[in-house]
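S.K.:
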Amino acid sequence: FDHSTASFCILIHALVKANLFWPASSLLQTLLLRALKPSEVFDVLFRCYEKCKLSSSSSFDLLIQHYVRSRRALDGVLVFRMMMKIGLLPEVRTLNALLNGLANCRHFGLALELFDDMINVGIRPDVYIYTGVIHSLCELKDLSRAKEMIVRMEASGCGVNIVPYNVLISGLCKKQKVLEALEIKKNLAGKELKPDAVTYCTLICGLCKVQEFEVGLEMMDEMLCLSFSPSEAAVSSLVKGLRKKGKIEEALNLVKRVAETGASPNLFEYNALLDSLCKNRKYDVAELLFDGMGKIWLCPNEVTYSILIDMFCRRGKLDTAFSFLGKMIDAGLKPTV
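Counting with mature numbering (1 follows the signal peptide of the UniProt record, and there is no 0), you get residues -18 to -1, 1 to 319 for the letters of the sequence shown.
#1: Check whether the segment 94 to 114 touches the segment 60 to 80, taking contact to mean three or more Cβ pairs, one atom from each stretch, closer than 8 Å.
#2: Under the assumption that Leu220 contacts Cys190 (Cβ atoms under 8 Å), give the Cβ distance between them as a whole number of angstroms.
#3: What does the alpha-carbon distance come out to for the pair Gly172 and Arg263?
#4: With DSSP collapsed to three states, give me the class of Asp(-17).
#5: Between Glu136 and Val145, how many whole angstroms is the CB-CB distance? I'm expecting something under 8 Å.
#6: Relative to the alpha-carbon of Gly153, which residue among Cys140, Ile166, Glu121 has its alpha-carbon at the smallest distance?
#7: When you compare only the Cα positions, how much space is there between residue 321 and Ala85?
#8: Considering only the alpha carbon of each residue, which of Asp178, Glu269, Ile101, Leu10 lies closest to Cys(-10)?
#9: Exposed or buried, what is Pro282 when buried is set at 16 or more other beta-carbons lying within 10 Å of its beta-carbon?
#10: When we look at the beta-carbon of Val240 and count the other beta-carbons within 10 Å, is it buried (16 or more) or exposed?
#11: Out of Cys260, Leu234, Ala216, Leu18, point me to the one whose CA is closest to Phe294's CA.
#12: In three-state terms, what does DSSP make of Pro317?
#13: What residue from Asp43, Leu80, Met202, Lys35 has the CA that sits closest to Arg54's CA?
#14: Rounded to the nearest angstrom, what separates Gly244 and Cys87 at their Cα positions?
#15: Return helix, strand or coil for Trp279, following the three-state DSSP convention.
#16: Classify Cys187 as helix, strand or coil using the three-state DSSP reduction.
#17: Check this for me: beta carbons of Gly58 and Asn82, under 8 Å apart or not?
#18: For Leu36, which residues from the same chain have a beta carbon less than 8 Å from its beta carbon, with the 5 sequence-adjacent residues on both sides left out?
#19: Give me, in chain order, the residues of the same chain whose beta-carbon lies closer than 7 Å to that of Thr318; leave out the 5 immediate sequence neighbours on both sides.
#20: Alpha carbon to alpha carbon, what distance is there between Arg29 and Tyr49?
#21: Spell out a yes or no on whether the segment 200 to 207 and the segment 225 to 234 are touching, meaning 3 or more CB-CB pairs, one atom from each, closer than 8 Å.
#22: Can you name, in chain order, every residue of its own chain whose Cβ lies under 6 Å from the Cβ of Lys226, other than the five neighbours on each side?
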């Protein structure tokens, strides 16, 4: 027996009215497998809505959410605009999902249009909506409007958190406007907000891109004092920058401090640091660094062993070099020529 689209829609409305959202969502998914156009589904869903004399728009929210989950955010926008024409409005959380869906598909301009539509029909955005809009503006490299949106968000009285500020800081750092990003972090206290691990890691990576490694170290010190665990990207960026500036001791001290928090640079940066130590004839320190890798469960690769074997050969410690060659083979790694 082949159910009509109308019978599907009546059942969906009934399940939603009974707060049985999962069965309703499953039924909606089955209906959409019929490859119906968004307008076709909406028209029948609305006719059934009127016939059943319903007051909740939750079934239409469910339709938008399904399109977003299916990476069909553009169809979700069509449903929202059809809802506006008949005087129905989705919940803010549905619009937040739709806005994020557009951003995930890189439809940033359309996300901004959606925000304008929301404002025009009297929907009051929450912090998550504002965050999505700020993200879209940053992706469009319109940082002036992104900063204006922060001011607008603050004036709206919605409960703000650190996330939209982190998004703006990231956008500024990508454009190498790190001083502005630092100023935003500095002003957080006046807004009764505290920077989190994401704030610090974003700033550290941004500072490293503009060669401000000393300030990056200050940020890392501050971060570690607050017991935040730095990201691999932040640690690696800083270690790489210090190493290239010839500040091997500072890079090494950073690795030791970070290892105590349970985080560490990636294997690439460990290998690079080992190589720098060997080139500077700091062989004993290189051995200690290698020994420390095991303590943080970082497994050496072909490059690691090659650096160490070369180091021991240069020092005339051929037995030790052959020992490491054996360990390399036992680990299933192929010796380099």
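All residues carry an ideal CB built from backbone N, CA and C; glycine is no exception.
M.R.: Checking against the coordinates, here is how it stands:
#1: yes
#2: The residue you call residue 220 lines up with position 238 of the sequence shown. The residue you call residue 190 lines up with position 208 of the sequence shown. Rounded, the Cβ-Cβ distance is 6 Å, consistent with contact.
#3: One-based indexing of the sequence shown puts residue 172 at position 190. One-based indexing of the sequence shown puts residue 263 at position 281. The alpha-carbon atoms of Gly172 and Arg263 are separated by roughly 50 Å.
#4: As a first step, residue -17 is located in the sequence shown; it is residue number 2 there, counting from the start. Per-residue confidence for Asp(-17) stands at a pLDDT of 46, beneath the threshold of 50, marking its modelled position as unreliable; no derived number is given.
#5: If you number the sequence shown from 1, residue 136 lands on position 154. If you number the sequence shown from 1, residue 145 lands on position 163. About 14 Å separates the two Cβ atoms, so there is no contact after all.
#6: By one-based count along the sequence shown, residue 153 stands at place 171. Cα-wise, what sits closest to Gly153 is Glu121.
#7: Because the chain here runs from -18 to 319, residue 321 falls outside it and cannot be looked at.
#8: Residue -10 sits at position 9 when you count from the first residue of the sequence shown. Closest by alpha carbon: Leu10.
#9: The residue given as residue 282 occupies position 300 in the sequence shown. Buried.
#10: As a first step, residue 240 must be located in the sequence shown, where it is residue number 258. Classification of Val240: buried, given that the 10 Å Cβ count is 16 or more.
#11: In the sequence shown, counting from the first residue as 1, residue 294 sits at position 312. Selected option, being the one with the closest Cα: Cys260.
#12: For this step, residue 317 is matched to residue 335 along the sequence shown. The answer is coil: DSSP assigns Pro317 none of H, G, I, E or B.
#13: Along the sequence shown, one-based indexing puts residue 54 at 72. Checked all of Asp43, Leu80, Met202, Lys35; the closest Cα to Arg54 is Leu80.
#14: For the purposes of this step, residue 244 is identified with residue 262 of the sequence shown, where counting begins at 1. For the purposes of this step, residue 87 is identified with residue 105 of the sequence shown, where counting begins at 1. Rounded to whole angstroms, Gly244 to Cys87 spans 35 Å at the Cα level.
#15: Taking the first residue of the sequence shown as position 1, residue 279 is located at position 297. Here Trp279 sits in coil by DSSP.
#16: Working through the sequence shown from its first residue, we reach residue 187 at position 205. The answer is helix: DSSP assigns Cys187 an H, G or I state.
#17: For this step, residue 58 is matched to residue 76 along the sequence shown. For this step, residue 82 is matched to residue 100 along the sequence shown. Their beta carbons are not under 8 Å apart, which means Gly58 does not touch Asn82 by this criterion.
#18: Reading the sequence shown from its first residue, position 54 is the one you call residue 36. The residues are His(-6), Lys(-2).
#19: As a first step, residue 318 must be located in the sequence shown, where it is residue number 336. Cβ within range, chain order: Glu284, Ser288.
#20: One-based indexing of the sequence shown puts residue 49 at position 67. One-based indexing of the sequence shown puts residue 29 at position 47. Distance between the alpha carbons of Tyr49 and Arg29 is about 20 Å.
#21: no
#22: Counted from its first residue, the sequence shown places residue 226 at position 244. Same-chain partners within the cutoff: there are none.
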